[in-house]
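Following: one structure in structure tokens, then a few remarks.
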Amino acid sequence: MPLADNGYYLTAYQALVREAEVPAGGKVLVYGASGAVGNAALDLCLALGLRAVGVASSRSRETVTARGADFVAYDAPDAGAQLDRLSHERGGFDAVVDPARGEPLSRVLSRLAPRGRFVALGFSAPFRSAGGAGNGIASIIGKAKFGLEFLRIKWLAARTRQTRRITFYDISERRAAHPDWFHDDLSTLFALLQEGRISPRIDRVFRLNEVRQAHEMLEAGGVQGRLVLDLRDA
Ligand SMILES: NC(=O)c1ccc[n+]([C@@H]2O[C@H](COP(=O)([O-])OP(=O)(O)OC[C@H]3O[C@@H](n4cnc5c(N)ncnc54)[C@H](OP(=O)(O)O)[C@@H]3O)[C@@H](O)[C@H]2O)c1
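Start counting the sequence shown at 6; every next residue gets the next number (this note's numbering).
Next up, the structure:
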């Protein structure tokens with residue numbers, strides 16, 4: 006169940022509601038918007054009445070716009086300019102939710118509204134480039150880069166602790182610190198599901214003997230939502 010398993014919906018929900026505390030009708034920018042976490046965030050924005058912009062590759066346009074969000078392709082030559090324009094038109098974003106970490110941090114932060122918050126969740130973009138570089142020196146440099154980026158975000162989060170302008174959300178850490186949140190938030194998510202206000206997206210179901218193909222598909226990118234491994238014949 007994508008609400009609870011690795012916490013994709015829970016992660017997205019807590020990023021928006023607990024970390025960013027997006028106000029009613031607020032404006033949200035979501036990177037990695039066709040992936041499991043990002044697409045869950047867009048689905049929740051729609052359910053909660055938030056106005057969203059989603060960033061993913063051009064092949065993922067439909068997955069983003071189907072959630073009622075405006076779309077920017079990160080592989081478009083003018084992606085940065087499009088995001089600057091959308092941010093300017095909205096007076097900045099109340100929250101930026103970022104499981105991808107593909108754009109330079111300074112550019113991402115420049116799109117926040119004065120009291121807006123940036124919530125980093127993961128590193129899909131540098132991880133993908135490091136994986137795509139094989140096992141050689143380029144891959145080691147890629148991995149070192151996202152390790153440094155992680156430390157930088159943690160450091161900035163500590164510096165902005167008062168305003169919580171920059172945070173790194175880690176579901177395991179939060180679960181240990183606030184078990185009560187998990188109970189309440191999962192109840193909210195199941196209620197939204199029951200009312201048909203959210204709809205987790207499953208791209209493809211694999212059998213156990215197809216697990217290699219599932220991994221290859223994840224590494225190649227372009228997965229629209231979640232992949233499911235069916236263990237019933239195992
Ligand atoms: N912090 C937590 O507690 C927590 C919890 C769950 C997951 N995570 C982490 O969150 C990250 C995302 O997980 P996921 O399962 O959602 O990943 P995923 O399904 O592999 O999706 C990755 C997404 O990132 C997009 N992307 C790739 N490069 C990008 C770029 N340069 N700019 C903007 N978007 C880009 C991809 O778009 P295309 O496919 O269209 O290229 C896709 O939408 C992972 O690092 C995961 O470990 C963290």
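Don't be surprised by glycine CBs; every beta carbon is placed ideally from N, CA and C.
All values reported here derive from a predicted model rather than from experimental measurement.
Nearest neighbour of residue 223 by Cα position, chosen from 86, 136, 115, 176, turns out to be 136.
Straight through space, the alpha carbons of residue 213 and residue 116 are spaced by roughly 43 Å. The beta-carbon separation of residue 203 and residue 49, rounded to 6 Å, stays under the 8 Å limit for a contact. CA-CA distance, residue 228 to residue 185, rounds to 32 Å. Residue pairing for residue 231: DSSP places it in a beta bridge opposite 207. For residue 164, the secondary structure class from DSSP, reduced to helix, strand or coil, is helix. Shortest gap from the CB of residue 104 to any heavy atom of ligand 1: under 6 Å. For residue 75, the enclosing beta strand (DSSP E) stretches over residues 75-78.
By the neighbour-count definition (other C-beta atoms within 10 Å, threshold 16), residue 16 is a buried residue.
Assignment of alpha helix (DSSP H) within the segment 41-95, counting only whole runs of 4 or more residues, yields 41-53, 66-70, 84-94 in chain order. Counting along the chain, residue 99 sits inside the beta strand (DSSP E) bounded by residues 98-103.
Assignment of residue 132 by DSSP, reduced to helix, strand and coil, places it in the helix class. Residue 173 is bridged by DSSP to 125. Annotation for residue 74 indicates a beta carbon at 6 Å or more from all heavy atoms of ligand 1. Taking C-alpha positions only, residue 25 is separated from residue 238 by approximately 42 Å.
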